[in-house]
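So the protein sequences, as listed, match chains C and B. Just so we're on the same page, the working numbering is the position in the first sequence counted from 1, plus 869. Just so we're on the same page, the working numbering is the position in the second sequence counted from 1, plus 869. Even for Gly, the Cβ is constructed at its ideal location relative to N, Cα and C. For clarity, every value in this text was computed on a predicted model and none was experimentally measured. Presented below is the structure to which this report refers.
2 protein chains.
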Amino acid sequence: MGIEMPVPAKPEGVDAEVWEQMLHATPAEARHLIREGKFAAPTSGLCPGYAQANLIILPREQAYDFLLFAQRNPKPCPILEVTEVGERMTHICAKDCDVATDFPGYRIYKDGVMVDEVDDVVDYWRDDLVAFIIGCSFSFESELIEAGIEMRHNTQGRNVSMYLTNLACEPAGSMSGNTVVSMRPIPYDQVVKAVQISGAIPKVHGAPVHIGDPSVIGIKDIAKPDFGDPVDINPGEVPVFWACGVTPQSIVMNSKPPFAITHAPGYMLITDTKNVDLKG
Amino acid sequence: MGIEMPVPAKPEGVDAEVWEQMLHATPAEARHLIREGKFAAPTSGLCPGYAQANLIILPREQAYDFLLFAQRNPKPCPILEVTEVGERMTHICAKDCDVATDFPGYRIYKDGVMVDEVDDVVDYWRDDLVAFIIGCSFSFESELIEAGIEMRHNTQGRNVSMYLTNLACEPAGSMSGNTVVSMRPIPYDQVVKAVQISGAIPKVHGAPVHIGDPSVIGIKDIAKPDFGDPVDINPGEVPVFWACGVTPQSIVMNSKPPFAITHAPGYMLITDTKNVDLKG
């Protein structure tokens, strides 16, 4: 394995034996454990070196607008794969990968309102659905950790903190709304390194969108994230904000398509794609 | 203007006074000369530093498939802008820019067959059309020239040589076909530099797709390009091939959508977007 990585803390509620299996799983093995319903928790820190991914599933009717939205907003919505209409299996980012079962958690939206949270969406599947698999900042965390930068949510066994901002996305057809960001507290003397390392992988959100004062991007209380868990920010650390693949959920809440499925924030797909293959 | 650039040779058939105007025009002024019908020739070498662009216009009915095709094939089809349905004016890559008049030449396709070549498409415009503005390798030529690399087609006053290859694109829905490439002869000792300079701007096709033996990518006779003009390849030079925004024309010919409009190969849109803003 080469470099020794610090082990992330076990998230609350996860069976110790399953956690041990997840820590040593290949991406395919991790997806199978998730598919079998054994793991339903945040995936940060798992399968280091492999890209993790966000999800939004929409009917074909809304798919063009969303694809164009993603093209116009590549920072929050870097697309790794778009499935064929009605097709649950991915072909590009992973093999033997079912978008209806292989995320540890899903949210169902009707007319922009969340109506259900479920472990799989087999019962919600329809022949007209298209899945958009979107890059996730969990992907570059392993490189930040290798560079000696602590991922506080990992060491605290929590989900990353995510916030709705006042940064408007470029609208496309029926799709509009504001950017969601993930936040990591970084010591001042590691901020530049964090920018450069993450900036090298635009397909998983790339460089931060904001560094420092949360109020500048419309975040009122850093201790109260809109998604995920709060994490400690220690003296000498600055909050650094990356565009987040939960942005499509803010778009769904704002644009109110009749039907949408997303992943649960922090509960990501672990793909077969290596981060290194997404560089450049 | 800083660095002195070599002046490209006047293409055949262009009025000397108009050519002089084009050589000193801003992108907006160049578009106006083209819109007024005064310039209908290849645009390579004009407005150095500004991105030039390819065009494909499709009915909304086929737009999702093409947008997905471009997402899956970013090397030949890096999208700079997609216009709103029925809208002729661009909003992102240029201001005061009409996609129906501001390219120096257009081709009309019905069921995959070219049926007309025209200077503007005002009479062909329909309310259901979507224009895809796609990056062009003419954009990075000014940086290659600055680096001391001759653009043979410029110095010969010819259109760049373009070839249909055997490199299959990743299909998407109804869209499939092979990659078209542009070719520039480069002295051996400048090939690496050419790769690095062009590779820094993926939005205008980025690094080459092939260097050397044309037969490896299915080109039978380098002296007979499928689009554009032949150019001289001197001893000590190697043909270098870049993915080309004429690829959508090969897709149209292969996939046979009922209606499509493209630019005439080499007759590009000159945008207001600086190459430097497309980097990274």
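Bounding residues of the alpha helix (DSSP H) (the contiguous stretch that carries residue i)
{"i": "G918 of chain B", "result": "Segment: none, G918 of chain B is in no alpha helix (DSSP H) and carries neither H nor E."}
{"i": "L1147 of chain C", "result": "Note, L1147 of chain C: premise wrong, no alpha helix (DSSP H); not H, not E."}
{"i": "E873 of chain B", "result": "Run containing E873 of chain B: none; DSSP gives neither H nor E here."}
Contacts that residue i makes with chain C (C-beta to C-beta distance below 7 Å)
{"i": "Y933 of chain B", "result": "A932, Y933 and L936"}
Neighbour flag for residue i against chain D, beta carbons, 7 Å
{"i": "V951 of chain B", "result": "This model lacks chain D altogether; the protein chains it does include are C and B."}
Under 8 Å from the C-beta of residue i: neighbouring residues of chain C
{"i": "I948 of chain B", "result": "Q940"}
Endpoints, the beta strand (DSSP E) within which residue i is located
{"i": "K1062 of chain B", "result": "No beta strand (DSSP E) holds K1062 of chain B; the alpha helix (DSSP H) holding it covers V1060 to G1068."}
{"i": "F908 of chain C", "result": "It is not in any beta strand (DSSP E) - F908 of chain C carries neither H nor E in the DSSP assignment."}
{"i": "S1030 of chain B", "result": "S1030 to A1037"}
{"i": "E956 of chain C", "result": "Looking at the DSSP string, E956 of chain C is not in any beta strand (DSSP E), and its letter there is neither H nor E."}
{"i": "F1009 of chain C", "result": "No beta strand (DSSP E) holds F1009 of chain C; the alpha helix (DSSP H) holding it covers F1007 to E1015."}
{"i": "A1000 of chain B", "result": "L998 to G1004"}
{"i": "V951 of chain C", "result": "I948 to V951"}
Where residue i sits in the DSSP three-state scheme
{"i": "V1115 of chain C", "result": "coil"}
{"i": "T1048 of chain B", "result": "strand"}
{"i": "N942 of chain C", "result": "coil"}
{"i": "M1020 of chain C", "result": "coil"}
{"i": "I1091 of chain C", "result": "coil"}
{"i": "K1125 of chain B", "result": "coil"}
{"i": "P973 of chain C", "result": "coil"}
{"i": "R1053 of chain B", "result": "strand"}
{"i": "I903 of chain B", "result": "helix"}
{"i": "I1086 of chain C", "result": "helix"}
{"i": "Y933 of chain B", "result": "helix"}
{"i": "M983 of chain B", "result": "strand"}
{"i": "A1133 of chain B", "result": "coil"}
{"i": "H893 of chain C", "result": "helix"}
{"i": "E881 of chain C", "result": "coil"}
{"i": "P1071 of chain C", "result": "helix"}
{"i": "I961 of chain B", "result": "coil"}
{"i": "I1102 of chain B", "result": "coil"}
{"i": "V1107 of chain C", "result": "strand"}
{"i": "L1138 of chain C", "result": "strand"}
Distance between residue j and residue i (C-alpha atoms, nearest Å)
{"i": "V984 of chain B", "j": "R995 of chain B", "result": "17 Å"}
{"i": "G1026 of chain B", "j": "P917 of chain B", "result": "16 Å"}
{"i": "G882 of chain B", "j": "A909 of chain B", "result": "9 Å"}
{"i": "L1036 of chain C", "j": "I1102 of chain B", "result": "51 Å"}
{"i": "M1044 of chain B", "j": "Y933 of chain B", "result": "10 Å"}
{"i": "V1107 of chain B", "j": "I1018 of chain B", "result": "13 Å"}
{"i": "P1071 of chain B", "j": "T1131 of chain C", "result": "30 Å"}
{"i": "I925 of chain B", "j": "A878 of chain C", "result": "51 Å"}
{"i": "V1073 of chain C", "j": "I1139 of chain C", "result": "13 Å"}
{"i": "L927 of chain C", "j": "H893 of chain B", "result": "49 Å"}
{"i": "A1063 of chain B", "j": "Y978 of chain B", "result": "34 Å"}
{"i": "M1031 of chain C", "j": "P973 of chain B", "result": "48 Å"}
{"i": "M870 of chain B", "j": "P880 of chain B", "result": "Caution is warranted here: a pLDDT of 46 is assigned to M870 of chain B, below 50, making its placement in the model unreliable, and the coordinate value is therefore given only provisionally. Rounded to whole angstroms, M870 of chain B to P880 of chain B spans 24 Å at the Cα level."}
{"i": "I1080 of chain C", "j": "Q890 of chain B", "result": "46 Å"}
{"i": "A885 of chain B", "j": "A899 of chain B", "result": "15 Å"}
{"i": "D971 of chain B", "j": "G1135 of chain C", "result": "46 Å"}
{"i": "I961 of chain C", "j": "Q921 of chain C", "result": "13 Å"}
{"i": "V1121 of chain C", "j": "C946 of chain C", "result": "13 Å"}
{"i": "S1006 of chain C", "j": "M1137 of chain C", "result": "10 Å"}
{"i": "E1150 of chain C", "j": "T1142 of chain C", "result": "Limits of chain C in this structure are 870 at one end and 1149 at the other, which puts residue 1150 of chain C out of reach."}
{"i": "V1034 of chain C", "j": "G1097 of chain C", "result": "Val is not the amino acid found at residue 1034 of chain C; the sequence shown has Thr there. Rounded to whole angstroms, T1034 of chain C to G1097 of chain C spans 15 Å at the Cα level."}
Member of the options whose CA lies at the smallest distance from the CA of residue i
{"i": "E1010 of chain C", "options": "C:G914, C:V883 and C:D1146", "result": "C:G914"}
{"i": "V990 of chain C", "options": "C:I948, C:A1129 and C:P943", "result": "C:A1129"}
{"i": "P1099 of chain C", "options": "C:D884, C:M1052 and C:T1142", "result": "C:M1052"}
{"i": "P1040 of chain C", "options": "C:D1095, C:P1117 and C:C1113", "result": "C:P1117"}
{"i": "K1125 of chain C", "options": "C:H960, C:V982 and C:E953", "result": "C:V982"}
{"i": "D1058 of chain B", "options": "B:V1029, B:M1020, B:G1105 and B:E1012", "result": "B:G1105"}
{"i": "K1148 of chain C", "options": "C:R929, C:E905 and C:L949", "result": "C:L949"}
{"i": "F938 of chain C", "options": "C:I1080, C:V1145 and C:S1119", "result": "C:S1119"}
{"i": "V954 of chain B", "options": "B:V968, B:Y1032 and B:I1088", "result": "B:V968"}
{"i": "G1075 of chain B", "options": "B:E1012, B:E956, B:C1038 and B:D965", "result": "B:E1012"}
{"i": "T895 of chain B", "options": "B:D980, B:C966 and B:A885", "result": "B:C966"}
{"i": "V1109 of chain C", "options": "C:E956, C:V1061 and C:A1133", "result": "C:V1061"}
{"i": "N1123 of chain C", "options": "C:F1096, C:N1047 and C:H960", "result": "C:N1047"}
{"i": "P875 of chain B", "options": "B:D1082, B:A1016 and B:A1112", "result": "B:A1016"}
{"i": "V999 of chain B", "options": "B:F1007, B:N1028, B:M958 and B:S1006", "result": "B:M958"}
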